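Visitor: Encoded as structure tokens, here's the structure I'll be asking about.
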Amino acid sequence: MKTIITAAFIATMMAGTAMADTTLKLVEVITSPERTQTLKSLVGKFEAANPGTKVEIISLPWNEAFQKFATMVSAGDTPDVMEMPDTWLSLYGNNGMLESLEPYLEKWEHTKELTPRALELGRDVKDTAYMLPYGFYLRAMFYNKKLLSEAGVTEPPKTMDEFVKASEAVAKLPGKYGYCMRGGPGGLNGWMIFAASMAGDNKYFTEDGTSTMNSEGWAKGIEWMVDLYRQGLAPKDSVNWGFNEVVAGFYSGTCAFLDQDPDALIAVAERMKPEDFGVAPLPKGPAGKSYPTIGYAGWSMFAKSENKDLSWKLIETLQSPESNIEWNKKIGALPAYTAAEKDPFYAGDQFKGWFEELADKDTVPTVMPTFLEEFAFFKDSLAIKTSQQALLGDISAKELADEWAAYLTKAQQKNLSKK
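For the sequence shown, our numbering assigns the number 4 to the initial residue and increments by one for each residue that follows.
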């Protein structure tokens, strides 16, 4: 009897050890200290509900995330679950690296509570849910009320012409500028927004796959952006600015305008009084329309995961209604659940500009061409290098538009050839 008990005890101990050895790898790519702490808190709930399972969080700095993660993947070092930006989804989804979440969503109790847009965008590749979006990043315009008042500007600009005039007025103040331009990582959104608004159209391609980037309207919008910088309406060093720099440029009072997603509101609201800034819809182009980019990110599972059911449980925990609201309040995105609009946090004046955009028929939220496999490289490498060359005068605005058009045409025609 003693021998049987001992064997059973040893077997139990061995089973416990095996359970304790189950480790999931989770990669975070849109990283900040606050986001990582919140992620650790949500992961802690998962670990508590699944004894014996641990989650290793790998946080990659956003400015280097694309290259660093690509290096991991090429070395065969793929995670179980990762935070997937919209611009990377096609690259990894089209190459068979991501697990379809459709079987899980079919049975999940909260699927029906997600916004239709969340499910639509999560299925952007092959009409298959390779990602479960947690939230949306819609651009609107932050404006500094005190700076505008000092410059004699009575209200935020409603058109691109008014935007230039207001920026010129602010730039006459010592050490001040109109626009916090994002010339470095993540800066493509601004170029796309103002180019499409100048063109009065958000179509990236003609039917045969030819890019519109160097068509008259889009090229004029690209030139408009270059002129803002060269005329001194944006800080000289903004040619290298990323997210942290443009946000700091705004809350420090260096520049009066900032086009950004709700995630910038966190840092701005911590450092500015509510009465000193506002958020308004983006200025409209000559056709009376604006095209703010709407980005998104979410959770994806890698096909090589050896613990798919546990990986889905982790995604379930991160995406539960309670966790989703908590996460989005910290990161500043608009949540993926329809009920979130009723949350008092999103009902305040600070979110007014974004909801006005969503309600305005002449403001068209626009998804960048993330369906292209080549788009991730275009956004995070080629576009940065070439737009900086144009801002600094190494190439002309026309040359920039032509180079972008050539790259995107080749990518889209390759995409069409597969269909």
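Ideal Cβ positions, reconstructed from N, Cα and C, are used throughout, including at glycine.
If you're wondering where the values come from, they're calculated on a predicted model, not measured in any experiment.
(1) Within a Cβ cutoff of 6 Å, which residues of the same chain sit near G220, ignoring the five residues on either side of it in sequence?
(2) Taking a contact to mean a Cβ-Cβ separation below 8 Å, would you say P160 touches A172 in this structure?
(3) Measure from the alpha carbon of Q322 to the alpha carbon of each residue in A51, D24, W111 and G79, then state which is nearest.
(4) Could you tell me whether the Cβ atoms of F280 and F145 are closer together than 8 Å?
(5) Please name the residue, chosen from I60, G187 and T296, that lies closest to Q40 on a Cα-to-Cα basis.
(6) What's the call for F3, buried or exposed, on a 16-neighbour Cβ count within 10 Å?
(7) Whose C-beta lies closer than 6 Å to the C-beta of A199 among residues of the same chain, with five residues either side of it excluded?
(8) Buried or exposed, going by whether 16 or more other CB atoms sit within 10 Å of the CB of A342?
(9) Quick one: is D178 buried, meaning 16 or more other Cβ sit within 10 Å of its Cβ, or exposed?
(10) Excluding the 5 residues flanking R274 on each side, which residues of the same chain have their C-beta closer than 6 Å to its C-beta?
(11) Going by beta carbon distance, what residues of the same chain come within less than 6 Å of I7, once the five residues before and after it are set aside?
(12) For D130, list the residues DSSP reports as bridge partners.
(13) Where DSSP assigns a beta bridge to T25, which residues make up the other side?
(14) Would you check if the region 183-191 and the region 390-398 touch, i.e. whether three or more CB-CB distances between them fall below 8 Å?
(15) Could you tell me if L419 is buried or exposed, where buried requires 16 or more neighbouring beta carbons within 10 angstroms of its beta carbon?
(16) Which term fits A414, buried or exposed, when burial requires 16 or more other beta carbons within 10 angstroms of its beta carbon?
(17) Ignore the nearest five residues each way along the sequence and tell me which others in L118's own chain have a CB closer than 8 Å to its CB.
(18) Could you pull the DSSP bridge partners for M275 from this structure?
(19) I'd like to know whether the C-beta atoms of W330 and Y137 end up nearer to each other than 8 Å.
(20) Within 10 angstroms of its Cβ, does M4 collect 16 or more other Cβ (buried), or is it exposed?
(21) Nearest to Y349 by CA position, among L361, K364 and K332, is which residue?
(22) Going by DSSP, what residue range makes up the alpha helix (DSSP H) through Y299?
(23) Spell out the partners DSSP gives E165 in its beta bridges.
(24) Below 8 Å between beta carbons: does that hold for R142 and I225?
(25) Could you pull out every residue in the same chain whose Cβ sits closer than 7 Å to the Cβ of F380, ignoring the five residues on either side in sequence?
(26) Pick out whichever of G256, A283 and K276 has its Cα sitting closest to the Cα of Q263.
(27) Can you check which of these residues, T81, A52, K345 and S326, is closest to V30 by C-alpha distance?
(28) Which residue from I334, L285 and L361 puts its Cα closest to that of S35?
(29) Which same chain residues, not among the five before or five after K421, have their C-beta less than 7 Å away from its C-beta?
(30) Mind checking whether W2 and M216 have CB atoms under 8 Å apart?
(31) In the DSSP assignment, what residue or residues form a beta bridge with C258?
(32) For L150, which residues in the same chain have their Cβ closer than 6 Å to its Cβ, ignoring the five residues on either side in sequence?
(33) How many Å lie between M22 and K311 at the Cα?
Guide: Short version:
(1) Correct list, in chain order: M201 and A202.
(2) Taking 8 Å as the Cβ cut-off, P160 and A172 do not qualify as a contacting pair.
(3) If we check each option's Cα against that of Q322, W111 comes out closest.
(4) Yes, these two residues count as a Cβ contact at 8 Å.
(5) Q40 has its Cα closest to that of I60, out of I60, G187 and T296.
(6) For residue 3 there is no data in the structure shown, the boundaries of the chain being 4 and 422.
(7) Leaving aside the five residues that flank A199 on each side, the residues in its chain whose CB is nearer than 6 Å to its CB run, in chain order, N205 and Y294.
(8) So A342 counts as exposed.
(9) One detail in the question is off: residue 178 reads as Gly in this sequence, not Asp. Exposed, by the Cβ-count rule.
(10) Once the five neighbours on either side are set aside, the close Cβ partners of R274 are Y254.
(11) Confidence is the limiting factor: at I7 the pLDDT is only 43, short of 50, which leaves the residue's position unreliable, though a coordinate-based value still follows. If we look at I7 and ignore the five residues flanking it on each side, it has no Cβ neighbours.
(12) DSSP, once it has assigned bridges, lists no residue as partnering D130.
(13) Beta-bridge analysis with DSSP links T25 to T56.
(14) Note that the region 390-398 touches the region 183-191; at least 3 beta-carbon pairs, one per stretch, sit closer than 8 Å.
(15) With fewer than 16 Cβ atoms within 10 Å of its Cβ, L419 is classed as exposed.
(16) That one is buried.
(17) Per the sequence presented here, residue 118 reads as Thr, with Leu not at that position. Cβ contact annotation for T118 (same chain, cutoff 8 Å, sequence separation greater than five): A339, Y340 and T341, in chain order.
(18) Paired residues: none, contrary to the question.
(19) Cβ atoms of W330 and Y137: closer than 8 Å.
(20) Interpretation of M4 is limited by its pLDDT of 39, a score under 50 that renders its predicted location unreliable; no figure is taken from the coordinates.
(21) The shortest CA-to-CA distance from Y349 to any of L361, K364 and K332 is the one to K332.
(22) Where Y299 is concerned, there is no enclosing alpha helix (DSSP H), although the beta strand (DSSP E) it sits in stretches over I297 to M304.
(23) According to DSSP, residue pairing for E165 in a beta bridge does not occur.
(24) Their beta carbons are not under 8 Å apart, which means R142 does not touch I225 by this criterion.
(25) The answer is none, since no qualifying residue turns up.
(26) Measuring from the Cα of Q263, the nearest candidate turns out to be A283.
(27) V30 has its Cα closest to that of T81, out of T81, A52, K345 and S326.
(28) For the options I334, L285 and L361, the alpha carbon positioned closest to that of S35 is the one of I334.
(29) Same-chain partners within the cutoff: there are none.
(30) Because the chain in this structure spans residues 4 to 422, residue 2 falls outside the shown range and cannot be described.
(31) DSSP, once it has assigned bridges, lists Y180 as partnering C258.
(32) Cβ within range, chain order: V173 and A259.
(33) For M22, the predicted model reports a pLDDT of 43, less than 50, meaning its position is unreliable; a value from the coordinates is still stated below. Those two C-alpha atoms are separated by around 15 Å.
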